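Read in our numbering, the sequence shown has 96 at position 95, and its numbers run on one by one without any break.
Ideal Cβ positions, reconstructed from N, Cα and C, are used throughout, including at glycine.
From a predicted model like this one, the values you see are computed outputs, not experimental measurements.
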Amino acid sequence: MEIHSKKIESDVLHFSELSEGHTLEGWGISGVSKILKELVEGSYGYDYLNTDIVVAFYRHIQPRMLPGDEVRVDLAENDVLNIRFEHDGVLESYPNLFLYHES
Numbered sequence: 002m003e004i005h006s007k008k009i010e011s012d013v014l015h016f017s018e019l020s021e022g023h024t025l026e027g028w029g030i031s032g033v034s035k036i037l038k039e040l041v042e043g044s045y046g047y048d049y050l051n052t053d054i055v056v057a058f059y060r061h062i063q064p065r066m067l068p069g070d071e072v073r074v075d076l077a078e079n080d081v082l083n084i085r086f087e088h089d090g091v092l093e094s095y096p097n098l099f100l101y102h103e104s
């Protein structure tokens with residue numbers, strides 16, 4: 002499962018293309034939360050996802066994105082991994098996990 006995000010002017014569009022050709026999309030943190038809720042509660046088979054860690058990732062990353070920036074992440078059971086940032090055509094990849102700690 003992959004979520005692709007792109008900053009357009011001052012907001013971020015998040016979307017996920019599912020294998021059956023269906024696309025989920027939404028704007029900002031509420032939009033990515035809506036996508037995750039549908040993935041977990043729908044019949045897509047992603048009811049194991051830890052949505053809190055994904056939302057925490059986007060709360061951290063989204064304010065740092067500049068217009069035109071793109072972020073792609075793969076979602077696993079309790080992890081955000083294979084993080085890819087694209088800025089001005091330059092791709093940076095971080096294959097390790099996003100570590101989230103609540104304090």
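To the nearest angstrom, how far is it from the Cα of residue i to the Cα of residue j?
i: E3; j: S17; result: 6 Å
i: V135; j: D70; result: Residue 135 is absent from the model: the chain starts at 2 and stops at 104.
i: I36; j: L82; result: 18 Å
i: E10; j: S44; result: 34 Å
i: K38; j: T52; result: 8 Å
i: L40; j: Y47; result: 6 Å
i: E21; j: E42; result: 17 Å
By the three-class DSSP mapping on this structure, what secondary structure does residue i have?
i: L40; result: helix
i: Y59; result: helix
i: D48; result: coil
i: S104; result: With a pLDDT of 46 at S104, under the threshold of 50, the modelled position of that residue is not reliable, and the figure given next carries that caveat. Coil.
If you follow the beta strand (DSSP E) that residue i is in, where does it begin and where does it stop?
i: D80; result: It is not in any beta strand (DSSP E) - D80 carries neither H nor E in the DSSP assignment.
i: S17; result: 12–18
i: E3; result: 3–9
i: G27; result: 24–28
i: L92; result: 91–95
Looking only at its chain, what residues have a beta carbon closer than 7 Å to the beta carbon of residue i, apart from the 5 residues adjacent to it on each side?
i: V91; result: none
i: R60; result: I30
Excluding the 5 residues flanking residue i on each side, which residues of the same chain have their C-beta closer than 6 Å to its C-beta?
i: E78; result: Y49
Please check the pair residue i and residue j, which I expect to be a contact at CB under 8 Å, by giving their CB distance rounded to whole angstroms.
i: H23; j: R73; result: With a Cβ gap of about 18 Å, H23 and R73 do not count as contacting.
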